[in-house]
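A.B. asks: Sequence positions in the sequence shown follow mature numbering (1 follows the signal peptide of the UniProt record, and there is no 0) and run -27 to -1, 1 to 510.
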Amino acid sequence: MASTRAKPTLPLLLALVTVVIPGPGDAQVSIHPREAFLPQGGSVQVNCSSSCKEDLSLGLETQWLKDELESGPNWKLFELSEIGEDSSPLCFENCGTVQSSASATITAYSFPERVELRPLPAWQQVGKDLTLRCHVDGGAPRTQLSAVLLRGEEILSRQPVGGHPKDPKEITFTVLASRGDHGANFSCRTELDLRPQGLALFSNVSEARRLRTFDLPATIPKLDTPDLLEVGTQQKLFCSLEGLFPASEARIYLELGGQMPTQESTNSSDSVSATALVEVTEEFDRTLPLRCVLELADQILETQRTLTVYNFSAPVLTLSQLEVSEGSQVTVKCEAHSGSKVVLLSGVEPGPPTPQVQFTLNASSEDHKRRFFCSAALEVAGKFLSKNQTLELHVLYGPRLDETDCLGNWTWQEGSQQTLKCQAWGNPSPKMTCRRKADGALLPIGVVKSVKQEMNGTYVCHAFSSHGNVTRNVYLTVLYHSQNNWTIIILVPVLLVIVGLVMAASYVYNRQRKIRIYKLQKAQEEAIKLKGQAPPP
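Structure follows, in C-alpha cells:
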C-alpha cells in the first residue's frame, strides 16, 4: 500500500537580491527576489526594474502562469503561479538599442506522492537473504530526500533517494531472516530535510508489512508404525517431526491407502505429530501405502512406507478330553490354519513343519495339570510370525499317602504344642481322618495345643475320595514326667559304661602300638650287628 501526504502550506522563502547588469548610459536591470524556495504548485511575486531613463521596454520570461500586478516608469511587478518544479525566470529590458537581463532561481519542494514497501514473500526461510524494496514516487528536492527501511522501530538502512523527482526510485536493503523476525513488521519511511532552509524534517511512512519466517530440519518426518498389519487387530499409526519452526502453523497428517483415517495431531513448541488408530479388516488390500505429510509455509516434507496386511489365526489345540480318570487315553491334536504350519507340539519330537500334529497318551497322576503347548508359524513379507495355544489336562486319581506325606512315628512331650503333619493328595482332593486302633479315638490333624498322656497309641490314618481310599498306621509316643526320670536313671549308667569302654579300647590300642615300635627298633639293632660281623668280600 502506498502512503501519501497532503501538501502543507508553508512559508515562501525569498532572497531579495538586486542584480545589476551594466548597459548603455549605465542602465541597470534587476530582479527581486534573486532566490525563492516554495512548495510545488505555489506562487511568487517577481519585481523587474531598470535604471534606463529613455525608450525603456521591460518584461519577464517564464514557463509558469504570470500576471502583471503593478507597473511604474521603470519597474513591473509580476505574480508567477502554479510553479511545478525548479526554474529560473528571466527579467529583460530594451534600453534604446541595448538589451540586458537578470535571472532568479526558484526551488520548488514537494513530499513524495507515494511511499510503498513492496510486498514481502508469503514465507521467508530462516537463514536466507530477504531483500526489502522501498518504492518512492515524487519528492523534491531529491538532494534533501532520503529513504529509511525499518523493522518495527529499528532502523535497518538510511539511503539518499537521488534522481529526478519525476522518476520513480526503488531503494533496496538485504537482511538475513531469523526466527526472531517471525511476526515482525517492516516498513519504509521517507525524510525530506528542509531544516537548512529554516523549515523542518518531514516524514512519510509506508504501510507496515508483516513477515512470516519458517525453519525446517534436514530430516524427514519419522514414521513409527509396524510394517505388518494383522486382520482383526487395531493398529496405531504414528508420525512426528522435531526441530521445525513455527510448529504451531505446521500441518501434519497420515494417509493410508490413499485415504485419510481418523487421526489426531499435536503441535508443541518445536515438534508436531499425528496419531491414528486403524481397525484392520478383510477389506484391506494385501499391501497398503502409508504416507506421512508435513506442510509448513510453501514446503512439503513426506515419508512413505508400504505396509503388508495378513491374516493369521492361532493354531487350534484340542484334547479328546480335558478331564479324564487315571489310565484313560487322551488324544492331543494341534491344527494350523491360514497357510501357517505347526512347528512345535509339546510331547512330540520336533520335526518338519506340518499343518497338523497329534499323539495319544495314557493319563497318569503325573499328567494332572499338565500343560500342552502348540506353536504355529507363518511367513509374511520375509518375516516369520508365530502364534501359540495352551491347554491343561486334569486327571482324576485316588488318594496318595506315603512316608513323605505322613510320618509313621511321632514322639511328643506331654503338655507341649505340636503339629500333626499328615496330608493325603489326589484329584479330587481326599478327606482324611486318624483314629486309634484300640478305641477309635480321633487324633486331630494339624495343631495340637496341649499334648496329653492319654493320646499315646497306634492310629490308622484313612484318606478317601470318590476315586478310592488309602490307609496308613501312625505311632504316637507321649513322653510324660515319671517316664522321663526313669529314662534319665537308665541313660546315665549306660553313658558311663560307654565312656569306660571307649577309654579301655583307647588304652589297649596305645599299648599295642608301643609294643610294635619297640620290636621294630630291636630288629633294626640286630640287623646292624650282623652286618658288622660279616667277612669282607
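Ideal Cβ positions, reconstructed from N, Cα and C, are used throughout, including at glycine. These numbers were taken from a predicted model, which means no experiment stands behind them.
Only counting the same chain, and skipping five residues up and downstream in sequence, which positions put a Cβ closer than 7 Å to that of D419?
C.D. replies: The question names Asp, but residue 419 is Gly in the sequence shown. Cβ neighbours of G419 beyond the five flanking positions: T392, L393.
A.B. asks: Rounded to the nearest angstrom, how far is the Cβ of T78 from that of E34, given a contact under 8 Å?
C.D. replies: 14 Å between Cβ atoms; not a contact.
A.B. asks: Looking at the C-beta of Q13, does it have a partner C-beta in chain C at a distance below 7 Å?
C.D. replies: You won't find chain C in this structure, because it holds only one protein chain.
A.B. asks: Between the Cα of K106 and those of P141, Y82, T116, spot the shortest distance and give me the residue it belongs to.
C.D. replies: The question names Lys, but residue 106 in the sequence shown is Arg. Comparing Cα-Cα distances from R106 to each of P141, Y82, T116, the minimum goes to P141.
A.B. asks: Would S244 pass as a contact of A220 if the rule is Cβ separation under 7 Å?
C.D. replies: Yes, the Cβ-Cβ distance between S244 and A220 is below 7 Å.
A.B. asks: Checking 7 Å against the spacing of the C-beta atoms, do T160 and S179 come in under that value?
C.D. replies: According to the sequence as given, residue 160 is Ser; it is not Thr. In this structure, S179 lies closer than 7 Å to S160 by Cβ.
A.B. asks: Give me the residue from E387, V71, A411, N442 with the minimum Cα distance to K404.
C.D. replies: It is N442.
A.B. asks: Beta-carbon within less than 7 Å of N429's beta-carbon, same chain only, minus the 5 sequence neighbours each way: which residues are those?
C.D. replies: Closer than 7 Å at the Cβ level, and outside the excluded window around N429, lie L449, T450, V451.
A.B. asks: Grab me the residues of G312's own chain with a C-beta within less than 7 Å of its C-beta, minus the 5 sequence neighbours each way, in chain order.
C.D. replies: Within the same chain, G312 has close Cβ partners L351.
A.B. asks: Does DSSP classify H137 as helix, strand or coil?
C.D. replies: Three-state result, H137: coil.
A.B. asks: Quick one: grab the DSSP three-state call for D154.
C.D. replies: In this structure, D154 counts as helix in the three-state DSSP scheme.
A.B. asks: Using the C-alpha atoms, what's the distance from F10 back to S44?
C.D. replies: Taking the straight line from one Cα to the other gives about 25 Å.
A.B. asks: What residue range is occupied by the uninterrupted beta strand (DSSP E) comprising S298?
C.D. replies: Here the beta strand (DSSP E) through S298 covers 296 to 298.
A.B. asks: Are there three or more Cβ pairs, one per stretch, closer than 8 Å when the segment 184 to 204 is compared with the segment 163 to 171?
C.D. replies: Segments in contact, no.
A.B. asks: Taking three-plus beta-carbon pairs below 8 Å as touching, is the segment 261 to 279 in contact with the segment 293 to 301?
C.D. replies: The segment 261 to 279 is not in contact with the segment 293 to 301.
A.B. asks: I488: buried (16+ other C-beta within 10 angstroms of its C-beta) or exposed?
C.D. replies: Exposed: under 16 other Cβ atoms inside 10 Å.
A.B. asks: Here's the rule I'm using: 16 or more other beta-carbon atoms within 10 Å means buried, otherwise exposed. How should Q390 be labelled?
C.D. replies: Under this definition Q390 is an exposed residue.
A.B. asks: With DSSP run on the structure shown, which of helix, strand or coil describes H454?
C.D. replies: DSSP places H454 in helix when its eight states are reduced to three.
A.B. asks: Can you list, in chain order, the stretches of the beta strand (DSSP E) that have 3 or more residues and sit fully within the segment 284 to 324?
C.D. replies: Taking only runs of at least 3 residues, the beta strand (DSSP E) segments lying wholly in the segment 284 to 324 are 289 to 292, 296 to 298, 302 to 308, 314 to 318.
A.B. asks: Closest by CA to K356, which one among L202, V266, S130?
C.D. replies: It is L202 whose Cα lies nearest to the Cα of K356.
A.B. asks: Would residue 539 be called buried (16 or more neighbouring beta carbons within 10 Å of its own) or exposed?
C.D. replies: Residue 539 lies beyond the stretch modelled for the chain, which goes from -27 to 510, so this question has no answer here.
A.B. asks: Please check the pair S319 and F285, which I expect to be a contact at CB under 8 Å, by giving their CB distance rounded to whole angstroms.
C.D. replies: So it is not a contact: roughly 21 Å between Cβ atoms.
A.B. asks: Is residue 576 helix, strand or coil when you go by DSSP?
C.D. replies: No answer is possible for residue 576: it lies beyond the span of the chain, which begins at -27 and ends at 510.
A.B. asks: Rounded to a whole number of angstroms, what is the C-alpha to C-alpha distance between L474 and V481?
C.D. replies: Between L474 and V481, the C-alpha separation is close to 11 Å.
A.B. asks: How many Å lie between L366 and R445 at the Cα?
C.D. replies: Roughly 30 Å separates the two Cα atoms.
A.B. asks: Tell me which residues share the same chain as K495 and place their Cβ nearer than 6 Å to its Cβ, disregarding the 5 neighbours each side in the sequence.
C.D. replies: Excluding sequence neighbours, K495 sits near nothing in its chain.
A.B. asks: Can you tell me which of the three DSSP states T444 falls into?
C.D. replies: Note: T444 maps to strand in three-state DSSP.
A.B. asks: Over the uninterrupted beta strand (DSSP E) stretch that includes I225, give me the two end residues.
C.D. replies: Run containing I225: 224 to 229, per the beta strand (DSSP E) assignment.
A.B. asks: What three-state label does DSSP hand N429 in the structure shown?
C.D. replies: In the structure shown, N429 sits in coil (DSSP, three-state: anything other than H, G, I, E or B).
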